[in-house]
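Enquirer: The sequence shown begins at 234 in the numbering used here and counts up one residue at a time.
Here's a structure for you.
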Amino acid sequence: MSYPSGRHFLQIPGPTNVPERILRALARPTIDHRGPEFAKFALELLEGLKPVFRTTKAKIVIFPSSGTGAWEAALVNTLSPGDKVVMFETGQFAYLWQEMAGKLGLDVEFISGDWRHGVDPDGVESILREDREHKI
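Laid out in structure tokens, this is it:
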């Protein structure tokens, strides 16, 4: 006979385990995201985040998506098809990042590397110094 050992925790990079108090909050009815209750909530939330980011003046922006959605937003909002980018092999996510950049029409130079070590800063400097036309 087996006995349950409590709530199962998935211990991988994602998805994130959600605390019980958050799960209970999620069980509440939703509010209209265009209504005054949500507007008040959002403004209070953004103001409350300022200490987290150690600022009193900066405008806080929340990006509601997965990490992959944030990647795509970063690429499409800062680069245009045909722009040259250099990406470094640092693990599986680097391949996904490269694939997304290619699908968005970016000219990707993918530098092979070792998944067990970070990118060599001298190598980055060398690549950028060689880019005399500032295409990267």
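For glycine and all other residues, C-beta sits at the position ideal for the given N, C-alpha and C.
A quick note: this is a predicted structure, and the numbers were derived from the prediction, not measured.
Taking the alpha carbon of G300 as the reference point, which residue from P354, D353, H367 and T249 has its own alpha carbon closest?
Expert: Per the Cα distances, T249.
Enquirer: Using the Cβ count rule (16 or more neighbours within 10 Å means buried), how would you classify W348?
Expert: Exposed, because fewer than 16 other Cβ atoms sit within 10 Å of the Cβ of W348.
Enquirer: Looking at the unbroken alpha helix (DSSP H) that takes in K290, where does it start and where does it end?
Expert: Premise fails: K290 is in no alpha helix (DSSP H) and is neither H nor E.
Enquirer: For the beta strand (DSSP E) containing F343, list its first residue and its last residue.
Expert: D340 to I344 is the extent of the beta strand (DSSP E) around F343.
Enquirer: What does the Cβ neighbour count give for V294, buried or exposed, with the cut at 16 atoms within 10 Å?
Expert: V294 comes out exposed.
Enquirer: Terminal residues of the continuous beta strand (DSSP E) containing V318?
Expert: It spans K317 to F321 - the beta strand (DSSP E) in which V318 sits, taken as one unbroken run.
Enquirer: Between which two residues does the alpha helix (DSSP H) harbouring F286 extend?
Expert: Taken as a continuous stretch (DSSP letters only), F286 belongs to no alpha helix (DSSP H), as it is neither H nor E.
Enquirer: Exposed or buried, which one is G321 when buried takes at least 16 other CB atoms within 10 Å?
Expert: For the sequence presented, residue 321 should be read as Phe rather than Gly. Buried, because 16 or more other Cβ atoms sit within 10 Å of the Cβ of F321.
Enquirer: Using 8 Å for Cβ pairs, my map puts D340 next to D316. What's the rounded Cβ distance?
Expert: That belief holds up - the Cβ atoms of D340 and D316 are roughly 7 Å apart, short of 8 Å.
Enquirer: Expressed to the nearest angstrom, what Euclidean distance is found between the alpha-carbon atoms of V357 and R267?
Expert: Spanning the two alpha carbons is a distance of roughly 46 Å.
Enquirer: Could you tell me the distance, in whole angstroms, from the CA atom of A303 to the CA atom of A334?
Expert: When rounded, the distance between both Cα atoms is 13 Å.
Enquirer: Going by beta carbon distance, what residues of the same chain come within less than 7 Å of K283, once the five residues before and after it are set aside?
Expert: Answer for K283: T289 and I293, listed in chain order.
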